[in-house]
Amino acid sequence: MVGKTTLLKLLGHHITHHELDLEPVYIQWESRQDRNGLPYEEYLAQQKITWQERNAESRPCNPRARTIYLIDEAQRSYEEDTLWAMLKNYHNMRDGSLFVLVCVYGAAGISPQRETFIESQARLMHSMQRIELRPSTPGSPYMLFKQEDTDAMLRKFALYHKCQLDNRVVEYLHRATGGHPGMLGVLLSHVQTFCRETGVPVPRTLSPEFLHELIVQHEDSFVEWLGRWGRGVWSPRCEGNVQKCLRKSEYSHIQLLDICINAIARFSPGALQNRRYSQSSGSWGIPEAAFQDELYCCLNRELHYVPILSEYSHTKDGRIDFYISDQKWGIEVLQCGSNAEIDKHIARFAYGGKYQRWEIMDDYVILNFCPRAALREVKIKGVVIE
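In terms of the working numbering, the sequence shown is numbered consecutively and its last residue is 1361.
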């Protein structure tokens, strides 16, 4: 979508010819079904042997070279929970393999069938382990077409379909897509699909008027096309199916405490590395914000991406760390909270407290993250919430 495959191939080419201490293994990932159930460990081993032989044809063989796996279309590996669990907790050892995976980050689905049991694994990785290619984010790396690149793409399209190009169409499409390679490709492929499915021939002259009508007048079909293959856009029909599933009775048993415990079990050790601990002050080296960020990320998966509001304020009186409106749940996060601080937070939920007066919560939990030594000093009195 933003030149990921091109960047990965350029990286592989550079390693092959300039980094002899690394053994590049380029893999366009195949799903478990496409490789006939072959375990991913054996799949990686097979690809390594294949690429060692290929690399030996273009450079001197180095038996001690460190393997670096360059995995394209890595969203197809989201079904491999064990692989991603290993990557999430991976420690970069000198003799261990390296992994570079490019994928549709945050994809809602990765196939036309939208298997509900497959979720984006990349979005669960810590930000220190990710490089996001987003042209819309200032300062983020990306690859965008210049207008002459857009012109070259359109000329190839016109040559293949034996049509002419209006002299305004290159500038129109370049401005409409912002030079985004993936969006330009999606739009041109939609022209082919739309013409094939409707029986309308590709026009003899590709013009801005035709493309404008395709995008605006036939918006539903364009949105549906964007929604295929996990491109991050859901059609109204698919959104309706998700909402219908989330209203089913099998989700009614979910308890807030269980959800929080499961979310905490998903925490990444790398995201919560102890920066510094002072025994004299009793302060812990992990900031409260780190726990909030990790909890938000892991809660998303546990709640199947039900909306979570952070720093929510129902009135001007107070803000709660997290509020799940669909379930009417509230969550507060503390770091090394003392008895007085915990009592203060409990009072907000108690009868007459700030949060209780909102009258929008059926359940709440206060999470106090602290070392075991500090936990021994915390004593919470029994509290009855009416």
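No residue lacks a Cβ here, since even glycine has one placed at the ideal position from N, Cα and C.
Determine, using beta carbons only, whether PHE1074 and ILE1106 come nearer to each other than 9 Å. no
In chain order, which alpha helix (DSSP H) runs of at least 4 residues are fully inside the region 1249 to 1323? 1263 to 1277
Problem - Extent of the continuous beta strand (DSSP E) to which ILE1046 belongs - result: 1041 to 1047
- request: From the DSSP output, in three-state form, read off TYR1147 for me.
  value: helix
Using the beta-carbon count (16 or more within 10 Å), is THR1152 buried or exposed? buried
Note to self: Tell me whether the region 1307 to 1316 and the region 1277 to 1288 touch, counting them as touching only if at least three CB pairs, one residue from each stretch, are closer than 8 Å.
What the structure shows: no
Residue nearest to GLN1096 in terms of C-alpha spacing, selected from THR1057, ARG1130 and HIS1165: THR1057
How many Å lie between MET1068 and LEU1284 at the Cα?
39 Å
- Message: What does the Cβ neighbour count give for THR1125, buried or exposed, with the cut at 16 atoms within 10 Å?
- Response: buried
Problem - N- and C-terminal bounds of the beta strand (DSSP E) containing ILE1341 - result: 1338 to 1344
Mind checking SER1288: buried by the 16 CB within 10 Å criterion, or exposed?
-> exposed
Using DSSP bridges, identify the partner residues of THR1180.
GLN1139
Which value, in whole angstroms, describes the spacing of the CA atoms of ARG1171 and GLU1184? 19 Å
**Request:** Check whether the Cβ atoms of GLN1267 and ASP1296 sit closer than 9 Å, and answer yes or no.
**Result:** yes
Quiz item: Hey, out of ILE1335, ALA1031, PHE1242 and ILE1261, whose CA is closest to LEU1290's CA?
Solution: In the sequence as presented, Leu is not what sits at residue 1290; that position holds Thr. It is ILE1335 whose Cα lies nearest to the Cα of THR1290.
Assuming SER1421 and THR1042 form a contact by the criterion Cβ under 8 Å, report the distance between their Cβ atoms to the nearest whole angstrom.
Nothing can be reported for residue 1421: it is not among the residues displayed for the chain, which extend from 976 to 1361.
- [ ] Let me know the secondary structure DSSP gives ILE1024 once reduced to three states.
- [x] helix
MET983 versus TYR1001: straight-line alpha-carbon distance, rounded: The residue asked about is misnamed: residue 983 is Leu in this sequence, not Met. Rounded to whole angstroms, LEU983 to TYR1001 spans 9 Å at the Cα level.
Mark VAL1175 as exposed unless 16 or more other C-beta atoms lie within 10 angstroms of its C-beta, in which case mark it buried. exposed
Pick out whichever of HIS993, PRO1282, GLY1305 and GLU1263 has its Cα sitting closest to the Cα of ASN1343.
GLU1263
Query raised in the report: For GLU1044 versus CYS1078, is the C-beta spacing smaller than 9 Å?
Result: Sequence check: residue 1044 is Tyr here, not Glu. Not in contact: TYR1044 and CYS1078 (Cβ atoms no closer than 9 Å).
query: Any heavy atom of the ligand ADP within a distance shorter than 8 Å of the CB on ARG1323?
result: Among the components of this structure there are no ligands whatsoever, and the ligand ADP is therefore not found.
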